[in-house]
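First comes the structure, then the notes that go with it.
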Amino acid sequence: MNQDPSLFSAAAESPDSVASLSAHRPSGDSPAADTASVVASQDVLRGQKSVAISHNGALYRLQTTRQGKLILTK
């Protein structure tokens, strides 16, 4: 994934955080990034602590921590 993992953490914390995602965007990014869709972490994890994600032939693991944060590892 080319997106900053902190964006996923911010979106997962609360629906109100979605409005502040642009505050996490580096200043060099284009305004078109504002049109990206948001997926709730609950929809991705489906009640599990971690899921495997296949991306461009590589396998990644998205997991939630005890503090409610998200970690994406290769």
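Residue numbers (full-length UniProt numbering): 1 to 74.
All residues carry an ideal CB built from backbone N, CA and C; glycine is no exception.
Between the Cα of residue 55 and those of 64, 74, 39, spot the shortest distance and give me the residue it belongs to. Indexing the sequence shown from 1 puts residue 55 at position 55. It is 74.
Within 10 angstroms of the Cβ of residue 59, are there 16 or more other Cβ atoms? Answer buried if so, exposed if not. The count along the sequence shown starts at 1 and reaches residue 59 at position 59. It counts as exposed.
Of the listed residues 61, 71, 46, nearest to residue 53 (C-alpha basis): Here residue 53 refers to the residue found at position 53 of the sequence shown. Considering only alpha carbons, the answer is 61.
DSSP bridge partner residues for residue 59 (one or two, in chain order): Within the sequence shown, the letter at position 59 stands for residue 59. Beta-bridge pairing links residue 59 to 54.
Who are residue 70's beta bridge partners in DSSP? Counting from one through the sequence shown, the residue named residue 70 turns up at place 70. Answer by DSSP bridge pairing, in chain order: 64.
Do you know how far the Cα of residue 35 is from the Cα of residue 46? Position 46 of the sequence shown, counting from 1, holds the residue named residue 46. Position 35 of the sequence shown, counting from 1, holds the residue named residue 35. Spanning the two alpha carbons is a distance of roughly 25 Å.
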